[in-house]
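I have placed the structure first, in the form of structure tokens, so that the comments after it can refer back to it.
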Amino acid sequence: MKLVLLVLLCSGFIGKLTKTQLVYKLKKIECLVNRTRVSNVSCHVKPVNWNLAVVNMDCFMIVPLLNPIIRIQVFTKDYSNQYKPFLVDVKIRICEVIERRNFIPYGVIIWKLFKRYTNVNHSCPFSGKLIARDGFLDTSLLPPFPQGLYQFSLIVTDTNSTTNDYVGTMKFFIQAMEQIKTKKPPSA
Ligand SMILES: *[C@@H]1O[C@H](CO)[C@@H](O)[C@H](O)[C@H]1NC(C)=O
Ligand SMILES: *[C@@H]1O[C@H](CO)[C@@H](O)[C@H](O)[C@H]1NC(C)=O
Ligand SMILES: *[C@@H]1O[C@H](CO)[C@@H](O)[C@H](O)[C@H]1NC(C)=O
Ligand SMILES: *[C@@H]1O[C@H](CO)[C@@H](O)[C@H](O)[C@H]1NC(C)=O
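Read in order, the letters of the sequence shown correspond to residues -20 to -1, 1 to 168 in mature numbering (1 follows the signal peptide of the UniProt record, and there is no 0).
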């Protein structure tokens, strides 16, 4: 754990020294849902250039989300091509974050992303058609991850006073990499 943190700090430091620019490029997305609660699901990654790809998502909530909990887990792909847990495993009551009763860091990041890229930009509950357009993970939102392949898994469940039901899972496959610089046109 300590070693990983040290590596994180060092990679940030070396990044600054050599003036490399880290980007988090989206490679792929997978969406799975509880079909009794969610319909008309589409989720796609659209490549824009060498460094950027954006995500577009649509779905229809048959059952409104009253008090969703989002569990965020990060996995990193190791030398044996297996995804292993990587530092982050948190459960976020997103309504509390939206109502500013909770300032859990990854919750605040998710809420920023929702406000920027989705129509989920209001207080709970969430019902009807949910839309995300041209979303991407701005490097400034996250600590500098070591270069490599990651999976960000968001598992959504919804709670009321008696039950906690599974709603769906989004898996974002992301490459933390040095920004690819295209050749500048010669200055005449
Ligand atoms: C779901 O998709 C079907 C087929 O594309 C469409 O006819 C229907 O209106 C959609 N329903 C909602 C709620 O968006
Ligand atoms: C939320 O997003 C919708 C669709 O993008 C937009 O029309 C609306 O103005 C936004 N509302 C707020 C409070 O930002
Ligand atoms: C909680 O949700 C379950 C399943 O969705 C439902 O059967 C139950 O009536 C709900 N309870 C309350 C108190 O709303
Ligand atoms: C899907 O949602 C329904 C209704 O909320 C719930 O009864 C069911 O247990 C959920 N399915 C799974 C696999 O959790």
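The beta carbon of each residue, even a glycine, is placed where N, CA and C say it ideally should be.
| query | result |
| --- | --- |
| Whole-angstrom C-beta distance between Cys75 and Asn47, which should lie under 8 angstroms | 5 angstroms |
| Nearest-angstrom Cα separation, counted from Lys64 out to Val100 | 30 angstroms |
| Whether Phe116 touches Leu32 by CB criterion (8 angstroms) | yes |
| Integer Cβ distance of Thr139 from Ile49, believed to fall under 8 angstroms | 6 angstroms |
| Heavy atom of ligand 2 within 7 angstroms of Asn99 beta-carbon | yes |
| Test item: CB-CB of Met37 and Ala156 under 8 angstroms | no |
| Phe152 to Leu129 span [Cα, whole Å] | 11 angstroms |
| Alpha carbon of Lys161 to alpha carbon of Thr(-1), nearest angstrom | 10 angstroms |
| heavy atom of ligand 2 below 7 angstroms from His24 C-beta | no |
| Per DSSP, cross-strand counterpart(s) of Tyr146 | Thr137 |
| Closest by C-alpha distance to Val136, when choosing among Pro44, Lys26 and Leu67 | Pro44 |
| Nearest residue (CA-CA) to Phe66, options Lys5, Ile84, Asn144 and Pro126 | Pro126 |
| Cβ-based neighbour list, Lys(-5), same chain, cut-off 8 angstroms, excluding 5 preceding and 5 following | The predicted position of Lys(-5) is uncertain, since its pLDDT is 47 and thus under 50; no value can be drawn from it. |
| Cα-Cα separation between Ile78 and Trp91, rounded to whole angstroms | 7 angstroms |
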